[in-house]
Amino acid sequence: MDSSQKQTPQEILQGVMKLCANCDTCRTMMEEDCAFFIELYRLWDQEHEDGTPVSEAQLRYLTELCTFCGLCPCPKVPMDVMEAKSRYIEKEGLPLATRLLNDVPRMARLCGTFPKLSKALQSNSVLGPLLRKATGLHSDRQLPVFPKQNFFKWAANQGLDQRKEGKHRVAYFAGCTAGYLFPEIGRSVVEILQHNGATVYVPPQECCGMPFLVEGDRKRTLQLAQNNMGRLLEAVRDDDDLVYSCPTCGYFLKKLLKERAYYSDDYQKSVDAKEGELKVPAPEKGENQFWTLRKSMYREILKDDGYFSGIDPLDRVALSDHLFDFGVYLTRLQGEGRLAADFNPLPERMAYFAPCHQREQKMGLPYLELLKQVPGLEIEQVGSDYDCCGMGGIFGFKDHFHQKSLDLGDR
Numbered sequence: 096m097d098s099s100q101k102q103t104p105q106e107i108l109q110g111v112m113k114l115c116a117n118c119d120t121c122r123t124m125m126e127e128d129c130a131f132f133i134e135l136y137r138l139w140d141q142e143h144e145d146g147t148p149v150s151e152a153q154l155r156y157l158t159e160l161c162t163f164c165g166l167c168p169c170p171k172v173p174m175d176v177m178e179a180k181s182r183y184i185e186k187e188g189l190p191l192a193t194r195l196l197n198d199v200p201r202m203a204r205l206c207g208t209f210p211k212l213s214k215a216l217q218s219n220s221v222l223g224p225l226l227r228k229a230t231g232l233h234s235d236r237q238l239p240v241f242p243k244q245n246f247f248k249w250a251a252n253q254g255l256d257q258r259k260e261g262k263h264r265v266a267y268f269a270g271c272t273a274g275y276l277f278p279e280i281g282r283s284v285v286e287i288l289q290h291n292g293a294t295v296y297v298p299p300q301e302c303c304g305m306p307f308l309v310e311g312d313r314k315r316t317l318q319l320a321q322n323n324m325g326r327l328l329e330a331v332r333d334d335d336d337l338v339y340s341c342p343t344c345g346y347f348l349k350k351l352l353k354e355r356a357y358y359s360d361d362y363q364k365s366v367d368a369k370e371g372e373l374k375v376p377a378p379e380k381g382e383n384q385f386w387t388l389r390k391s392m393y394r395e396i397l398k399d400d401g402y403f404s405g406i407d408p409l410d411r412v413a414l415s416d417h418l419f420d421f422g423v424y425l426t427r428l429q430g431e432g433r434l435a436a437d438f439n440p441l442p443e444r445m446a447y448f449a450p451c452h453q454r455e456q457k458m459g460l461p462y463l464e465l466l467k468q469v470p471g472l473e474i475e476q477v478g479s480d481y482d483c484c485g486m487g488g489i490f491g492f493k494d495h496f497h498q499k500s501l502d503l504g505d506r
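For the sequence shown, our numbering assigns the number 96 to the initial residue and increments by one for each residue that follows.
Below, the structure written as structure tokens:
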């Protein structure tokens, strides 16, 4: 067994603390942007300056502060934190309330069937506080009201769950937010794609897996990832373009899943790497270009041994290569002269904030570029590359993270 597999979650987190303290870059760079690093450096100083050992409870709490926003300059840090959290959960079990809150499709079935009842329960002066205490929700937060008809029901009614023939076919991964909470987003994506001549297909799909990854539910995360991967790659084999609209789904499916896959033996064989060398894609050098590294120097650190290493590395890379953010897809159509840019005038002033998971995919600002082309619309970008809205998915609803979410968003 690899030595890393024998580590306790406490040992993994102590290693993260040591790594970050030795570098110390994020002490100042993230002092206002990340609740996790603020606490990490506080604990390090507590132990090494005040002489008070960091307790197991403090380390366990530290894992609850990482929202996996992607702002870390070192990809190893959040993945190690999630590894530690997963090992805690394997021992403790995931609380039922957490499991339910993160299972948006199930919540949609429960609350969407009786939307007035679910809203009444939240606002009831007696049952509301009991419900919030049981689920760990802060008293100032209101869960969104689930619509009676979610996006997937609408799509099925439109026949979009059946693949049709067409010259320009797009398979759309809606995700849970557009799928169950705000179906108008999914409908708008479909309408825009159709307006641009696409034949849209909504394949069978589940939650991308990101909420379960962040909560430490390894089994559910991997199960969802593999289920979605099989269905989406089937669409790729049928020559459909793959499009997603949720930045978090894209961050998970396009970026996180393929982490370290390039270092696998299967991938190295697929790109005809010579004996004793590692080939790593170098998109900055051009399409199908690589950096070549000496395996003797990097074999122990550049290997496919991460969270998703049990999933076929070639499938992980193939999915990432064929997935497009909706905004990127539209700008690509525009670059090819195929975008229907018949925008209606909109005499409004707006502010645009690029979410963390969109920024961390290094895609630029496609939505801002498109919105600037709308006649009459004055739009201004707000927020820097390190600013976070503070919500972190369900985190901002949680009682223990509520004030931190306000502090992050207040910037």
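Virtual Cβ for every residue (Gly too), placed ideally from N, Cα, C.
Item                                                                                                                                                                          : Value
Quick check: the Cα distance between Leu-283 and Val-469, rounded to an integer number of angstroms?                                                                          : Note that residue 283 corresponds to Ser in the displayed sequence, not to Leu. About 16 Å.
What's the gap between the Cα of Thr-123 and the Cα of Glu-260?                                                                                                               : 55 Å
With a floor of 3 residues, list each beta strand (DSSP E) that falls wholly inside the region 264 to 334, ordered by position along the chain.                               : 264 to 268 and 294 to 296
Looking at C-alpha atoms only, which residue of Ala-269, Val-338, Ser-365 and Val-172 is the closest neighbour of Leu-425?                                                    : Val-338
Taking one C-beta from the region 439 to 448 and one from the region 305 to 322 each time, how about it: are there three or more such pairs within less than 8 Å?             : no
Between the beta-carbon of Leu-503 and the beta-carbon of Cys-483, is there less than 9 Å?                                                                                    : yes
Assign Gly-371 to one of two classes, buried (16 or more other C-beta atoms within 10 Å of its C-beta) or exposed (fewer than that).                                          : exposed
Tell me which same chain residues have a C-beta within less than 7 Å of the C-beta of Asp-361, skipping the five on either side of it?                                        : Pro-408 and Leu-409
Can you list, in chain order, the residues of its chain with a C-beta nearer than 6 Å to that of Gly-281? Leave out the 5 residues immediately preceding and following it.    : Phe-246, Ala-269 and Ala-273
Take Leu-373 as the anchor and find which of Arg-394, Thr-120 and Glu-382 has the nearest alpha-carbon.                                                                       : Arg-394
Does DSSP put Tyr-481 in a helix, a strand or coil?                                                                                                                           : coil
Keeping to the same chain, check which residues put their C-beta closer than 7 Å to that of Met-96; ignore five residues upstream and five downstream.                        : Here Met-96 scores only 42 on pLDDT, less than 50, and its place in the model should not be relied on; the value that follows carries that caveat. Once the five neighbours on either side are set aside, Met-96 has no close Cβ partner at all.
Specify whether the region 424 to 442 and the region 458 to 468 touch according to this definition: at least 3 beta carbon pairs, one from each stretch, less than 8 Å apart. : yes
Looking only at DSSP bridge pairs, what is Val-338 linked to?                                                                                                                 : Tyr-267 and Phe-419
Among Cys-169, Met-486, Pro-239 and Arg-313, whose alpha-carbon lies nearest the alpha-carbon of Gly-188?                                                                     : Arg-313
With H, G and I counted as helix, E and B as strand and the rest as coil, what does DSSP make of Glu-127?                                                                     : coil
Would you list, in sequence order, the uninterrupted beta strand (DSSP E) runs of no fewer than 3 residues that lie entirely inside the region 357 to 397?                    : 372 to 376 and 385 to 389
Please classify Ile-396 as buried or exposed, where buried requires at least 16 other C-beta atoms within 10 Å of its C-beta.                                                 : exposed
Would you grab the beta carbon distance between Thr-294 and Arg-264 for me? Rounded to a whole angstrom, and I think it's under 8 Å.                                          : 5 Å
Throw me the rounded Cβ distance for the Leu-418 and Leu-328 pair, which I believe falls under 8 Å.                                                                           : Not really, about 10 Å apart at Cβ, beyond 8 Å.
On the three-state DSSP scale, how would you describe Ile-133?                                                                                                                : helix
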